[in-house]
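**Q**
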Amino acid sequence: MAPSRGFTALPPTLHTTLANHKGAVHVVRYAKGSAKYVLTGGQDRTVRLWNPELGTEIKKYAAHGYEVLSVAISHDNAKFASSGGDRSVFLWDVTTGTTIRRIAGHMSKIFVVDFNADASVVASGSYDSTVRLWDLKAQNRQAIQVLNEARDAVQTLHVGPTYVLTGSVDGHVRTYDLRMGELRSDYIGHPVTSVVPSQDGQTYLATTLDAHVRLMDASTGKMLNDFQGATISSYRCRACFGHGEASVVCGDEAGKVWAWDLLDAAPLQPNPPPKVHDRSITWVEYHPVEAGELVTSGADGLVKVWRHPTAP
1 MAPSRGFTAL PPTLHTTLAN HKGAVHVVRY AKGSAKYVLT GGQDRTVRLW
51 NPELGTEIKK YAAHGYEVLS VAISHDNAKF ASSGGDRSVF LWDVTTGTTI
101 RRIAGHMSKI FVVDFNADAS VVASGSYDST VRLWDLKAQN RQAIQVLNEA
151 RDAVQTLHVG PTYVLTGSVD GHVRTYDLRM GELRSDYIGH PVTSVVPSQD
201 GQTYLATTLD AHVRLMDAST GKMLNDFQGA TISSYRCRAC FGHGEASVVC
251 GDEAGKVWAW DLLDAAPLQP NPPPKVHDRS ITWVEYHPVE AGELVTSGAD
301 GLVKVWRHPT AP
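Residues 1 to 312 in UniProt numbering are what the sequence shown spells out, letter by letter.
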């Protein structure tokens with residue numbers, strides 16, 4: 001995790017607000033690479049495609065019968081998966097706006113979906129305490145694998161090159177090594193709302209409902225750093241690495257965005273930071289390529305795009 005050569009502090013300038021959702025926005029994801037688009041999913045049962053540069057909505061995807069809790073975008077930006085209260089994973093064609101496939105099998109709402117690298121497999125984590133892996137190239141509609149070690153709702157997961165990382169309300173982060181057929185479980189001790197690995201996979205960030213964000217060693221389960229100050233006790237909040245993985249960023253239930261230095265856990269802005277959403281911040285995500293752009297979504301129904309004044 002090399003120190004960033006770009007910006008270390010949070011982008012301070014509000015570039016635009018995306019405000020077409022009715023009710024809470026649960027997730028906002030950037031398209032892959034340098035593509036200038038974001039997808040959002042919300043309480044109003046829709047997924048929406050936006051141009052964050054212009055602040056305009058491009059397309060609305062409406063097939064869900066319940067709230068949308070998660071969105072994952074394929075490597076080529078041609079399709080995306082979404083999930084929520086429907087108990088099914090929806091696979092979409094971005095351009096046509098149609099559902100390619102609906103994948104049923106969970107017994108309850110699906111909190112999270114994620115693709116593997118080539119989008120041939122999608123993983124889903126559910127309130128039913130299971131993670132299911134689905135082969136999108138197979139005609140068989142059954143899950144190719146069911147991971148059922150969690151003892152409570154699976155809130156978050158990440159599909160890596162050879163592993164699946166999951167976080168559950170039972171307080172565990174579980175790493176499934178798919179090549180070796182091994183499971184390692186790290187007991188954090190509090191409900192886990194998000195897990196985000198570093199790019200090299202050697203560490204991960206775990207956000208928990210005891211108002212802590214922990215940097216964990218992925219191979220040993222040892223805590224490397226602890227980031228505190230954010231208000232996180234009741235809702236799913238997400239922490240992520242800042243640009244260049246030199247910082248850690250997290251939104252909280254008070255509508256504030258926190259940032260800390262990765263190495264010494266010192267706050268990178270006023271403590272406490274200013275309130276930027278009227279209600280809980282549900283998601284924060286840095287642009288995958290642009291150093292100076294961050295997007296946040298909130299229970300206030302708004303998505304906000306933040307930039308550094310010097311960012312393009």
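Where is the CB? At the ideal position from N, CA and C, for every residue including glycine. Nothing here was measured: the structure is a model prediction, and the numbers come from that model.
Should F90 and A104 be called a contact, given that it needs their Cβ atoms to be closer than 8 Å?
**A** In this structure, F90 lies away from A104, with their beta-carbon atoms at least 8 Å apart.
**Q** Rounding to the nearest angstrom, what Cα-Cα distance links L310 and D186 in this structure?
**A** Per the sequence presented here, residue 310 reads as Thr, with Leu not at that position. Roughly 41 Å between the two C-alpha positions.
**Q** In the DSSP output, what is D226 paired with across the bridge?
**A** According to DSSP, which records beta bridges pairwise, D226 is partnered with R214.
**Q** Can you tell me where the beta strand (DSSP E) holding D153 begins and where it ends?
**A** The sequence shown places Ala at residue 153, not Asp. Annotation: A153 is outside any beta strand (DSSP E) and is labelled neither H nor E by DSSP.
**Q** How many Å lie between L157 and A150 at the Cα?
**A** 12 Å
**Q** How about V249 and L10: do their beta carbons lie closer than 8 Å?
**A** For V249 and L10, yes; Cβs fall inside 8 Å.
**Q** Just verifying my parser: in three-state terms, what is the DSSP assignment at E53?
**A** coil
**Q** With distances taken Cα to Cα, identify the nearest neighbour of A246 among A254, Q145, L263 and P273.
**A** L263
**Q** Could you tell me if G301 is buried or exposed, where buried requires 16 or more neighbouring beta carbons within 10 angstroms of its beta carbon?
**A** buried
**Q** Here's the rule: buried if 16 or more other CB atoms are within 10 angstroms of the residue's CB, otherwise exposed. What is A117?
**A** exposed
**Q** Could you compute how far the alpha carbon of A19 sits from the alpha carbon of N271?
**A** 28 Å
**Q** Between which residues of its own chain and I110 is the CB-CB distance below 6 Å, once the five residues before and five after are set aside?
**A** Once the five neighbours on either side are set aside, the close Cβ partners of I110 are S83, S124 and S126.
**Q** Does the CB of A123 have a neighbour CB from chain C at under 8 Å?
**A** Reference to chain C is not applicable here, since this structure consists of a single protein chain.
**Q** Which same chain residues end up closer than 6 Å to H106 when comparing Cβ atoms and leaving out the 5 residues on each side of it in sequence?
**A** R87, S126 and D128
**Q** Please determine, among M216, V213, G160 and P52, the residue with the shortest C-alpha to C-alpha distance to V113.
**A** G160
**Q** Apart from the five residues just before and just after V289, which ones in its own chain have a Cβ nearer than 7 Å to its Cβ?
**A** G33 and S34
**Q** Ordered along the chain, which non-local residues of its own chain (more than five positions away) have a Cβ less than 6 Å from that of K36?
**A** E53
**Q** In terms of alpha-carbon separation, which member of L136, G251 and A218 lies closest to Q199?
**A** A218
**Q** By Cβ distance, which residues of its chain are closer than 8 Å to S120, with the 5 residues on each side in sequence left out?
**A** D135, L136 and K137
**Q** Leaving out five residues on either side along the sequence, give the residues of the same chain with a beta carbon under 8 Å from the beta carbon of T193.
**A** Q155, T156, G167, T207, T208, L209, I232, Y235, R236, C237 and R238
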